[in-house]
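For the record, the sequence lines run as chains A and B. The numbering of the first sequence is our numbering, which starts it at 220 and goes up by one. The numbering of the second sequence is our numbering, which starts it at 220 and goes up by one. Note that the Cβ used here is the ideal one computed from N, Cα and C, for glycine as well. Report on the structure given below.
Protein chains: 2
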Amino acid sequence: MEKLQNGYLFPEISMRREAHEKKYPDAKVISLGIGDTTQPIPSIVTSAMAEYSLALSTPEGYQGYGPEQGQKSLRKAIADVVYPNMGIRDTEVFISDGAQCDIARLQMMFGRDVTIAVQDPTFPGYVDNGVIMGQTGPAAVDEESGGSRYAGIEYMRCAPENAFFPDLSRVRRTDVIFFCSPNNPTGHAASRDQLRQLVDFARRNGSIVVFDSAYASYVSGDDKPRSIYEVPGAREVAIEISSFSKFAGFTGVRLGWAVVPDELLYADGTRVARDFDRVVTTCFNGASSVAQAGGLACLATEEGRAAVARVVAGYKENARVLVDTFQALGKEVYGGDDSPYVWVRLFPGRRSWDVFAEILEKTHVITVPGSGFGPGGEGFVRVSAFNSRDRVVEACARLTSFLA
Amino acid sequence: MEKLQNGYLFPEISMRREAHEKKYPDAKVISLGIGDTTQPIPSIVTSAMAEYSLALSTPEGYQGYGPEQGQKSLRKAIADVVYPNMGIRDTEVFISDGAQCDIARLQMMFGRDVTIAVQDPTFPGYVDNGVIMGQTGPAAVDEESGGSRYAGIEYMRCAPENAFFPDLSRVRRTDVIFFCSPNNPTGHAASRDQLRQLVDFARRNGSIVVFDSAYASYVSGDDKPRSIYEVPGAREVAIEISSFSKFAGFTGVRLGWAVVPDELLYADGTRVARDFDRVVTTCFNGASSVAQAGGLACLATEEGRAAVARVVAGYKENARVLVDTFQALGKEVYGGDDSPYVWVRLFPGRRSWDVFAEILEKTHVITVPGSGFGPGGEGFVRVSAFNSRDRVVEACARLTSFLA
Numbered sequence: 220m221e222k223l224q225n226g227y228l229f230p231e232i233s234m235r236r237e238a239h240e241k242k243y244p245d246a247k248v249i250s251l252g253i254g255d256t257t258q259p260i261p262s263i264v265t266s267a268m269a270e271y272s273l274a275l276s277t278p279e280g281y282q283g284y285g286p287e288q289g290q291k292s293l294r295k296a297i298a299d300v301v302y303p304n305m306g307i308r309d310t311e312v313f314i315s316d317g318a319q320c321d322i323a324r325l326q327m328m329f330g331r332d333v334t335i336a337v338q339d340p341t342f343p344g345y346v347d348n349g350v351i352m353g354q355t356g357p358a359a360v361d362e363e364s365g366g367s368r369y370a371g372i373e374y375m376r377c378a379p380e381n382a383f384f385p386d387l388s389r390v391r392r393t394d395v396i397f398f399c400s401p402n403n404p405t406g407h408a409a410s411r412d413q414l415r416q417l418v419d420f421a422r423r424n425g426s427i428v429v430f431d432s433a434y435a436s437y438v439s440g441d442d443k444p445r446s447i448y449e450v451p452g453a454r455e456v457a458i459e460i461s462s463f464s465k466f467a468g469f470t471g472v473r474l475g476w477a478v479v480p481d482e483l484l485y486a487d488g489t490r491v492a493r494d495f496d497r498v499v500t501t502c503f504n505g506a507s508s509v510a511q512a513g514g515l516a517c518l519a520t521e522e523g524r525a526a527v528a529r530v531v532a533g534y535k536e537n538a539r540v541l542v543d544t545f546q547a548l549g550k551e552v553y554g555g556d557d558s559p560y561v562w563v564r565l566f567p568g569r570r571s572w573d574v575f576a577e578i579l580e581k582t583h584v585i586t587v588p589g590s591g592f593g594p595g596g597e598g599f600v601r602v603s604a605f606n607s608r609d610r611v612v613e614a615c616a617r618l619t620s621f622l623a
Numbered sequence: 220m221e222k223l224q225n226g227y228l229f230p231e232i233s234m235r236r237e238a239h240e241k242k243y244p245d246a247k248v249i250s251l252g253i254g255d256t257t258q259p260i261p262s263i264v265t266s267a268m269a270e271y272s273l274a275l276s277t278p279e280g281y282q283g284y285g286p287e288q289g290q291k292s293l294r295k296a297i298a299d300v301v302y303p304n305m306g307i308r309d310t311e312v313f314i315s316d317g318a319q320c321d322i323a324r325l326q327m328m329f330g331r332d333v334t335i336a337v338q339d340p341t342f343p344g345y346v347d348n349g350v351i352m353g354q355t356g357p358a359a360v361d362e363e364s365g366g367s368r369y370a371g372i373e374y375m376r377c378a379p380e381n382a383f384f385p386d387l388s389r390v391r392r393t394d395v396i397f398f399c400s401p402n403n404p405t406g407h408a409a410s411r412d413q414l415r416q417l418v419d420f421a422r423r424n425g426s427i428v429v430f431d432s433a434y435a436s437y438v439s440g441d442d443k444p445r446s447i448y449e450v451p452g453a454r455e456v457a458i459e460i461s462s463f464s465k466f467a468g469f470t471g472v473r474l475g476w477a478v479v480p481d482e483l484l485y486a487d488g489t490r491v492a493r494d495f496d497r498v499v500t501t502c503f504n505g506a507s508s509v510a511q512a513g514g515l516a517c518l519a520t521e522e523g524r525a526a527v528a529r530v531v532a533g534y535k536e537n538a539r540v541l542v543d544t545f546q547a548l549g550k551e552v553y554g555g556d557d558s559p560y561v562w563v564r565l566f567p568g569r570r571s572w573d574v575f576a577e578i579l580e581k582t583h584v585i586t587v588p589g590s591g592f593g594p595g596g597e598g599f600v601r602v603s604a605f606n607s608r609d610r611v612v613e614a615c616a617r618l619t620s621f622l623a
């Protein structure tokens, strides 16, 4: 625990926001920071949760513990709707209270003695959970970027220079590779060919890929896979984790899932799914049954699927507005097409925490400093499309005044 | 992971039940097995959850991520209602998705290098999470009882011979002591004097007590503390974990909490709460906001508190029926007064899995074999009061026919 650097990124930003609001009590702060959904959940979904809740007060409708792995109906809906024609069975889908919690459980399963690789930059949860489990050495400040790196972790640089995909011929073999696509924070969705390279690399090395597809519903077009299981051979090397958070506005409701295919084996031939099942039944008691009722309503009907897709489409339009704004300002900007995140270098050469602080000071807009996602994120800030259209437009106007 | 013996206890029992139902498709199986609530949740609670859910479809009512540590209002309600006059501050209460999940997070925080002590018998989650974290050596079969013990764990025998409280003068010092009171499975609630001994023992040894009070609402009378914080000095040595599961029928809804007092320090003087906060914010994203709305409704009004207390009182009457039945049969029986669990030795000298199997075969009643809770549980079965009165009465009639 002592090795963990500073606070966890998002609580740190919350504290900075609070301090700012104290300093400027009349400022109307707009958060394009933490990736938290803001728009109402379609009523077809919340009605299902309300109905389920009320039924818990009736003898017929009361249900206690469900299966730790989740309701059969929801597991089946995910297998059928999210993974059509990918050969995913309902028994391979484990319902969870969110992808972040699954990362913790997976890291608990992997234990202290594994080596891990992560994209750089990427969501900090993979590394931080690894540090808590004791997989790493101490952190050291990276001279070039000013960000910190933990000894023992393989950082796979994903930058504009390599089109946000690592040169795998230069990546050291590790036991586990965490790979997030569309990537948080860069917004880059790996192409089919890139994921094929990743799967081949993992097969050659006997590595397990943990593929985080939490933003899959934001992908545009068919050339970029929404799941790693679109790639042949992935069932033998990959776990996929995903979430209703950014797909259905469930950040507070808490619902996600992990897929652990039966063909995924340890070197000794035993099934990884067997261990994960044991972790889920021992360290977890299943996601809230009310949340699961809501998740099923998102997937079970055409109406539900269309309703949640409309909310995602709205956030994607916000992302378009942000990208257009930064492009009009002549800034170096990425992401937004396949993700709710826009990745922008506002002041080349300056540290991202300084840029974050100056934007907040001058425009009362919250972003996230890129170095919070790893040393490779230094120099960038992440701007989130999760807000109402009005606020995004207002934030863009302020940013334009400040940056133009 | 390889060291874990067999399946986790409760899924194992589910499998045995399924096999039994296949063999006897017409039998009306009654489960007095897994401690799963069966009675409807008071409508004041489910209405609050339904209302909260529906509000998520409105711009005003939508809320995304809450604080990872839980809603302020719920933390405050727990501090005020559950811990009156015990000096617990709302900031010391961490809302969770259940006590089992908090055990996993605490074990993740403690890491591989701590030593632990547990009651024997007790809830298997403490040990199993410790095994997953790598705290133990391999399991060995205990010659005397036939149960298995893990090397490195200090088993504190809690048996009829010592009135279910360990002789602490013979207990080896460990870094952490898991202590469940009222104990699952024996139903024994430690007295004020016993908890004082435990706190003194931990203070002398510099140990942390993890006090599991999940069944506190079942305690009768004022001589047995419902919280370890009723004991002077406990704030400096104890974490308390608890749950809405057995208190409000939330086994499927998922809601619990942990209390980590500010005065609880590691040997180097740093606050344990700081580490736990980091684990909660890194490995968890908070309990479902809908469940939290329900939890608040259980505590915030006199009406809510009275409604959930009535459900608990109903289960306690069931426990009375069970105890009376076994006493009338001349069996050695414990528990039931301060807990929904009755602990009974039906056939002295016989193994508890055999007793479990015979009861199931002859009466179609599910119990839990005592050895599932540790080697000290061998010879007993746990009988749960979680069912409708009708079914408990019917089960007692069948058990009487079989045993008389």
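Can you tell me which residues form a DSSP beta bridge with V574 of chain A? Answer is none; V574 of chain A lacks a bridge partner.
For a minimum of 3 consecutive residues, which ranges assigned as the beta strand (DSSP E) are wholly contained in the region 325-374 of chain B? 335-339, 358-360 and 367-369
If you draw a straight line from the alpha carbon of V478 of chain B to that of E459 of chain B, how long is it in whole angstroms? 5 Å
Using a Cβ distance threshold of 8 Å, determine whether the region 538-552 of chain A contacts the region 289-299 of chain A, with at least three qualifying pairs required. no
State yes or no: is the C-beta of T520 of chain A within less than 9 Å of the C-beta of I263 of chain A? yes
Alpha-carbon to alpha-carbon, Y284 of chain A and D245 of chain A: 47 Å
Length at least 3, wholly inside the region 402-454 of chain B: the beta strand (DSSP E) runs in chain order: 427-431
Which residues share a DSSP beta bridge with Y560 of chain A? A:S603
Buried or exposed (CB count within 10 angstroms, at least 16 for buried), E237 of chain A: exposed
Which same chain residues, not among the five before or five after G514 of chain A, have their C-beta less than 7 Å away from its C-beta? Sequence-distant Cβ neighbours of G514 of chain A in its own chain, meaning closer than 7 Å and more than five residues away, are L293, F463 and L474.
Please report the distance separating the alpha-carbon of F384 of chain B from that of T544 of chain B. 26 Å
Whose CA, out of A:P444, A:V333, A:Q319 and A:T470, lies closest to the CA of G425 of chain A? A:V333
Less than 9 Å separating the beta-carbons of R324 of chain B and C615 of chain B? no
Buried or exposed for A623 of chain B, please, with buried defined as at least 16 other CB atoms from any protein chain shown within 10 angstroms of its CB. exposed
Please state the DSSP three-state secondary structure of F592 of chain A. helix
What residues are listed by DSSP as bridge partners for L484 of chain B? B:R490
Quick one: list the residues of chain A neighbouring V260 of chain B, beta-carbon separation under 9 Å, in chain order. With the sequence shown as reference, residue 260 of chain B is identified as Ile, and Val is not the correct amino acid for it. Here the neighbours are S272, L275, S276 and Y281.
Does the region 440-447 of chain B come close enough to the region 275-284 of chain B to have 3 or more Cβ pairs within less than 8 Å? Under the 8 Å Cβ criterion, the region 440-447 of chain B does not count as touching the region 275-284 of chain B, having fewer than three qualifying pairs.
Name, please, each residue of chain A whose Cβ falls closer than 8 Å to the Cβ of P230 of chain B. E287 and T500
Write down the C-beta distance between T207 of chain B and P343 of chain B rounded to the nearest angstrom, noting that I regard them as a contact closer than 8 Å. Residue 207 of chain B is absent from the structure shown; chain B starts at 220 and stops at 623.
Buried or exposed: where does E287 of chain B fall if 16 or more other Cβ atoms within 10 Å of its Cβ makes it buried? buried
Measure the alpha-carbon distance for M305 of chain B versus A433 of chain A and round it to whole angstroms. 43 Å
Once the 5 residues before and after T586 of chain B are set aside, which same chain residues still bring their CB inside 7 Å of it? L251, G252, F575, I578, V600, R601 and V602
Around the Cβ of R493 of chain B, are there at least 16 other Cβ atoms within 10 angstroms (buried) or fewer (exposed)? exposed
Just reading off the alpha helix (DSSP H) that E270 of chain A is part of, what are its end residues? S262 to A274
Would you call the region 558-570 of chain B in contact with the region 396-403 of chain B, where contact means no fewer than 3 C-beta pairs closer than 8 Å? yes
E279 of chain B in three-state terms, based on DSSP: coil
Alpha carbon to alpha carbon, what distance is there between A409 of chain A and V301 of chain A? 18 Å
What are the residues that DSSP puts in a beta bridge with A477 of chain B? B:F313 and B:I460
Same chain, Cβ closer than 7 Å to R539 of chain A, five either side skipped, listed in chain order: Excluding residues within five positions, the ones whose Cβ falls inside 7 Å are G555.
For a contact meaning CB atoms closer than 9 Å, what does F503 of chain A contact in chain B? D316, G317, Q319, C320 and A323
Near F420 of chain A, what residues of its chain come up, given a Cβ to Cβ distance below 6 Å and the 5 sequence neighbours on each side ignored? L387, listed in sequence order.
My parser needs the alpha helix (DSSP H) runs of 4 or more residues fully inside the region 506-537 of chain A; what are they? 508-518
Per-residue DSSP class, three states only, for I232 of chain A: helix
Output the distance between the C-alpha atoms of D412 of chain B and M328 of chain A, rounded to the nearest integer angstrom. 40 Å
Who pairs with Y553 of chain B in a beta bridge, going by DSSP? Answer is B:W562.
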